[in-house]
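Here the sequence shown is numbered in UniProt numbering, starting from 1 and rising by one per residue. Glycine is no exception: its CB is placed at the ideal position from the N, C-alpha and C atoms. All figures in this text were calculated on a predicted structure; none of them were measured in a lab.
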Amino acid sequence: MKKVICIVGSRNPSSKGLAFCKALLIRLKDFYHEIDYKILTPNDYFLEPIDGTNETFYKGIDKKDNIDDGSMIKHNLEDADFVIFCTPVYSHNVSGDIKILIDRLSYWGHIFKLLGKSGLTVTVADSNGFIQVDEYIDKILTGFGVDVIENVILTRKDDVQKFDFLSLIGDIVETFQPEYKIKVPAFTEAQFKSYKNSIRKQPHENFEYRYWDENKLFYMETLQEYVDKYIN
């Protein structure tokens, strides 16, 4: 059974992004029965803003997880095989709810916490700003280690019911196949090289150093080498 987690950053129960994700996942389930999916919106959880101490980077512990739904969201992301981030555009940026989530997950970017998972992004805009947001949300998910297979952009003129779901579903199902191979993009390889040089200089008791050491990331020349050895 493959698991899909979809996080929609809109509080509007009638939002185009939510309608799109529901339509996609219903069709995906009809096409590929062996999936279990969950959609989360900010109406389904409570998430505090980050406290600004940077403690998560050094200790790997997010104390806010004890007082809100951070642990639940992180568990769903870690447990998933496929990840979908959907955001509306506000002032050429992601929604505030998505930004809070990204802030709370930011320490995952240094350890490629979601490496081995595939996913897609969905950006919803009225008329403009979607290019910047599409690029940003793609960079964030890719930075977490996600193999982003598609970036969907929806604007005012786009009719969800007329979207070519079949092609997208085919791409998603392909990632579920045993023979599917993840290809690490150049951007993520550049991040890997930069983080490797800086994290290996950290005190050995630091969370990031320990994670890289325990997961043998230090011993790989490239992230693709790591993926080919332990994931593909």
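Sub-7 angstroms separation of residue i and residue j beta-carbons
i, j, result
"I153", "L77", "no"
"S118", "F82", "yes"
"Y58", "F163", "no"
"F144", "W108", "yes"
"I182", "V146", "no"
"E189", "T222", "yes"
"I100", "L47", "yes"
"I50", "D103", "yes"
"V94", "A125", "no"
"F165", "R27", "yes"
"D36", "K74", "no"
"I7", "G116", "no"
"N54", "R11", "no"
Heavy atom of the ligand GTP within 6 angstroms of residue i beta-carbon
i, result
"L223", "This structure does not include the ligand GTP; it has no bound ligands of any sort."
Per DSSP, cross-strand counterpart(s) of residue i
i, result
"N151", "T121"
"residue 234", "In this structure the chain extends from 1 to 232, so residue 234 is not present and cannot be described."
"C6", "I39, I84"
Own chain partners of residue i with C-beta closer than 8 angstroms, once the 5 adjacent residues on each side are dropped
i, result
"L168", "L24, L120, E150, V152"
"P92", "The identity of residue 92 in the sequence shown is His, whereas the question assumes Pro. So the qualifying residues of the chain are N128, G129, Q132, V133."
"Y209", "I199, R200, Q202, P203"
"residue 234", "Outside the shown range of the chain, which is 1 to 232, sits residue 234, and nothing can be said about it."
Distance between beta carbons of residue j and residue i, contact taken as under 8 angstroms
i, j, result
"D62", "G70", "6 angstroms"
"V160", "K16", "6 angstroms"
"I137", "T155", "Actually they do not touch by this definition, with Cβ atoms about 16 angstroms apart."
"I111", "Y211", "5 angstroms"
"G9", "T87", "4 angstroms"
Extent of the continuous alpha helix (DSSP H) to which residue i belongs
i, result
"F57", "55-59"
"F192", "186-199"
"M1", "Looking at the DSSP string, M1 is not in any alpha helix (DSSP H), and its letter there is neither H nor E."
"L77", "70-79"
"G17", "16-31"
"F163", "F163 -> no alpha helix (DSSP H), and no H or E assigned at all."
"residue 233", "Here the chain covers residues 1 to 232 and nothing more, so residue 233 does not appear."
"K229", "223-230"
"K139", "130-143"
"W108", "From DSSP, W108 is part of no alpha helix (DSSP H); its letter is neither H nor E."
Sequence-distant residues of the same chain with beta carbon closer than 7 angstroms to residue i, five excluded per side
i, result
"Y180", "E174"
"Q191", "G143"
"E34", "M1, K2"
"P185", "T142"
"T56", "D62, Y107"
Residues near residue i by beta carbon distance below 6 angstroms, same chain, minus five either side
i, result
"D68", "F46, L47, E48"
"G60", "F207"
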